[in-house]
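So the sequence shown is numbered by UniProt numbering: it starts at 1 and just counts up by one.
Ideal placement from N, C-alpha and C gives every residue a C-beta, glycine not left out.
Input: a single structure, listed below in structure tokens.
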Amino acid sequence: MSRNIMELCWTQIEELDKEKTVMMIGIAPIEEHGRHLPTGVDVYETKHWIESSITKLENSFPEYTFLTMPMLPFGHGDIRGFVGNIHLSQKLIYQIVLEMLGGIAEWGIKNIVIISGHADPKHLIAIEQACDEINKIYQDVSFAPMGAIFSQDNITLDFKDDSNQLVKEKLGKYPNDFHGGWIETSNMLDICPGLVNDNYGNLPDISINEMEMIQPEIVSSKIKGQGHIGYPKESTMELGQVLNENMAERIKICVEAYLIRKDYKKYLHHKLYNIPALKVQGGK
Ligand SMILES: [Zn+2]
1 MSRNIMELCW TQIEELDKEK TVMMIGIAPI EEHGRHLPTG VDVYETKHWI ESSITKLENS
61 FPEYTFLTMP MLPFGHGDIR GFVGNIHLSQ KLIYQIVLEM LGGIAEWGIK NIVIISGHAD
121 PKHLIAIEQA CDEINKIYQD VSFAPMGAIF SQDNITLDFK DDSNQLVKEK LGKYPNDFHG
181 GWIETSNMLD ICPGLVNDNY GNLPDISINE MEMIQPEIVS SKIKGQGHIG YPKESTMELG
241 QVLNENMAER IKICVEAYLI RKDYKKYLHH KLYNIPALKV QGGK
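Right, here's the structure in full:
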């Protein structure tokens, strides 16, 4: 069963079986995504992935209650030189998540999952650090698998049909499609096609590699006047359907492992988690 926490009174929350309650929280920023996509891309993606992974999880855990709440439209980011960005400091993201988790853990809920469609490593690492802190006090009550999902290849999906093959080929041909490129544009063509501007077919390819991505000056100069990183003109709604389905499946696999507390620790951290410069300064 899934319930929006805003529709419950506190006595209903108190009556929940806390061991079998999962609080799903989405946090992703308002941020420019090029000349063809709305600023809410990461928020729409996060909401969509939470809803579709809950549908899958309800099948595997029929006796559990999945709680949702409004998306938190906040994130840390380093894209500069555009209007439309609301970026908070990494420390503030850490602090928001830490205090929110602390409050929810006090209700007695034993499973709090944080999902974010915003793939900035410092944003995801801040969330993971907050979870690590809370988990020291409340015994593994929180879990944030998106760093692992975005950065690691250890979540293998069954490639059942040709459409998945299409995504694989596209990833090979058009890699490093980090921001508003064919991946996010395709995702949005599936989630909310009315919000995608038709001009995506005419936008230039902007290629930035993984190492350049963590250097804001390089990113800013390469995307100047455009705002996307990747290959928007390669987008299709069909690709978006497969990508969104794969993401929901990956989230399901990770959350499933977490709920049964089996082999889930490999999903706790982004692969760059141990780089000191990417951590919250003053966090632990
Ligand atoms: Zn995005």
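query, result
"Cβ separation of ASN111 and THR68, assumed to be a contact under 8 Å, to the nearest whole Å", "Not confirmed; about 13 Å, so no contact."
"heavy atom of ligand 2 below 6 Å from GLU32 C-beta", "In the structure on display, ligand 2 does not appear, and the ligands it does have are ligand 1."
"Sub-7 Å separation of TYR74 and PRO29 beta-carbons", "It is Phe, not Tyr, that sits at residue 74 in the sequence shown. Result yes, Cβ atoms of PHE74 and PRO29 sit closer than 7 Å."
"At least 3 beta-carbon pairs within less than 8 Å: the region 185 to 205 vs the region 254 to 265", "no"
"PRO175 to THR236 span [Cα, whole Å]", "16 Å"
"Length of the line joining the Cα atoms of LEU98 and MET247", "25 Å"
"Contact check, HIS87 vs GLY77, beta carbons under 7 Å", "yes"
"Rounded straight-line distance, which links the Cα of HIS33 to that of ASN135", "34 Å"
"Any non-hydrogen atom of ligand 1 closer than 6 Å to ASP78 Cβ", "no"
"Residues of its chain near MET213, where Cβ-Cβ distance is below 7 Å and the 5 sequence neighbours each way are ignored", "PHE178 and VAL219"
"Segment contact flag, the region 120 to 131 with the region 52 to 64, C-beta cutoff 8 Å, min 3 pairs", "no"
"ILE260 in three-state terms, based on DSSP", "coil"
"Same chain, Cβ closer than 7 Å to GLU234, neighbours up to 5 away in sequence not counted", "LYS170, TYR174 and TRP182"
"Backbone secondary structure at ASN176 - three-state DSSP", "coil"
"Residue from GLN215, LYS271, GLY180 and ASP190 whose Cα sits closest to the Cα of GLN226", "GLY180"
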